[in-house]
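Trainee:
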Amino acid sequence: MSAVVDKRRRFLDIDVRWLGSVGDSRVFSNSAVGRVHASLLDELGGPDGAGRLLTGLDEHYLVPFFLLADSAYANSKHVVTTFEIAETQRDVPTARLNRAFAGMRYPVECAFGILKSRWRVLGKPVEMVRTNVEAVPTLIATVSILHNFAIDQGDGAWDVDAEADQRAFYFANFMTMTNDGQLSGACHTDTKTRDTLLKWMGFRDSIRG
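1 is the number of the first residue of the sequence shown in the UniProt record's numbering; add one for each residue after it.
Next up, the structure:
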């Protein structure tokens with residue numbers, strides 16, 4: 001399952017057509033949102049995009065709206081990915097930016113966690129497949145819609161203590177969790193928004209001294 005999640009932990013888009021053995025980047029590029037996200041985000045941002053970032057004393061870059069993903073996806077203008085483990089060890093700005101990315105991606109992990117805990121049938125894959133393998137995508141899509149409905153109706157409460165434990169676990173292990181499906185030899189586009197964000201963070205840290 002590939003999904004786009006908002007900060008409220010709602011599923012904005014899902015794709016459940018592919019087997020688990022298919023790479024995340026391939027699933028995304030063949031999904032509806034993967035095919036149109038660049039044009040939609042450019043249209044959303046207009047000529048000013050998401051804003052401008054100062055990356056030098058007399059240098060600034062226009063930043064477009066983008067999707068934030070883990071390192072299993074291809075880094076591009078409209079898809080900003082977390083850094084791979086080796087990359088975070090090269091300097092402090094990279095490590096700090098990656099941790100910021102991890103914080104922003106936390107609602108994604110929570111959305112899937114809530115989905116599986118609320119709809120226990122998802123925790124029984126053998127029974128699901130044995131019943132009717134062709135019905136599995138429909139089942140997942142259905143519970144995802146119900147997940148959003150529950151949140152919209154204010155029925156998104158969960159165990160506060162469990163949430164705190166999950167958050168602590170996530171930040172203690174986010175480097176491993178976001179690098180499980182690293183994309184090898186990915187074909188990136190020429191303009192990468194992540195590079196701009198890294199320049200901005202490096203410049204910001206330098207003037208703070």
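Don't be surprised by glycine CBs; every beta carbon is placed ideally from N, CA and C. Computed from a prediction, not measured in an experiment: that's the story for all the values here.
If I'm right that L197 touches L97 with Cβ under 8 angstroms, what's the distance once you round it to whole angstroms?
Mentor: With 8 angstroms as the limit, L197 and L97 qualify as a contact, their Cβ atoms being about 6 angstroms apart.
Trainee: For T142, I'd like the list of residues in its chain whose CB is within less than 8 angstroms of its CB, leaving aside the five on either flank, ordered along the chain.
Mentor: Excluding sequence neighbours, T142 sits near nothing in its chain.
Trainee: From S76 to T82, what distance separates their C-alpha atoms?
Mentor: Roughly 12 angstroms separates the two Cα atoms.
Trainee: Between the alpha carbons of F112 and D58, how many angstroms are there, rounded?
Mentor: Rounded to whole angstroms, F112 to D58 spans 43 angstroms at the Cα level.
Trainee: What do you get for T191, buried or exposed, if any count of 16 or more other CB atoms within 10 angstroms of its CB means buried?
Mentor: The residue is exposed, with fewer than 16 neighbouring Cβ atoms inside 10 Å.
Trainee: Using three-state DSSP, classify A69 as helix, strand or coil.
Mentor: Of the three classes helix, strand and coil, the one that applies to A69 here is strand, per DSSP.
Trainee: Residues in its own chain within less than 6 angstroms of V108 by CB, not counting five upstream and five downstream?
Mentor: Here the set comprises V5.
Trainee: Tell me which residues share the same chain as A69 and place their Cβ nearer than 6 angstroms to its Cβ, disregarding the 5 neighbours each side in the sequence.
Mentor: Around A69: V79, T81.
Trainee: Which residues mark the beginning and the end of the alpha helix (DSSP H) in which R105 is found?
Mentor: First-last of the alpha helix (DSSP H) with R105: 92 to 118.
Trainee: Going by other Cβ atoms of all chains shown within 10 Å of its Cβ, with 16 needed for buried, is T138 buried or exposed?
Mentor: It is exposed - the Cβ of T138 has fewer than 16 other Cβ atoms within 10 Å.
Trainee: Does the Cβ-Cβ distance between S2 and A74 come in under 8 angstroms?
Mentor: No, Cβ-Cβ distance for S2 and A74 is not below 8 angstroms.
Trainee: DSSP has A3 in a bridge; who is on the other side?
Mentor: DSSP lists I14 as partners of A3.
Trainee: Would you give the residue range spanned by the alpha helix (DSSP H) that T88 belongs to?
Mentor: Start and end: 85 to 88.
Trainee: Excluding the five sequence neighbours on either side, which residues of its own chain have a C-beta within less than 8 angstroms of the C-beta of Q89, listed in chain order?
Mentor: Excluding residues within five positions, the ones whose Cβ falls inside 8 angstroms are A95.
Trainee: Within a Cβ cutoff of 8 angstroms, which residues of the same chain sit near N148, ignoring the five residues on either side of it in sequence?
Mentor: So the list reads R10, F11, once near-sequence residues are dropped.
Trainee: Can you tell me whether R52 is helix, strand or coil according to DSSP?
Mentor: R52 falls in the strand class under three-state DSSP.
Trainee: Return the bridge partner residues of T81 from the DSSP annotation.
Mentor: DSSP, once it has assigned bridges, lists A69 as partnering T81.
Trainee: Ignore the nearest five residues each way along the sequence and tell me which others in K116's own chain have a CB closer than 7 angstroms to its CB.
Mentor: So the qualifying residues of the chain are L122, G123.
Trainee: Do F65 and L44 have their C-beta atoms within less than 8 angstroms of each other?
Mentor: In contact: F65 and L44 (Cβ atoms closer than 8 angstroms).
Trainee: Using 10 angstroms around the beta-carbon of R8, count the other beta-carbons present and answer buried if the total reaches 16, otherwise exposed.
Mentor: By the neighbour-count rule (16 or more Cβ atoms within 10 Å), R8 is not buried but exposed.
Trainee: Straight-line CA distance for F101 to D195?
Mentor: Cα to Cα, F101 sits roughly 13 angstroms from D195.
Trainee: Should P93 and G202 be called a contact, given that it needs their Cβ atoms to be closer than 8 angstroms?
Mentor: A contact, by the Cβ cut-off of 8 angstroms.
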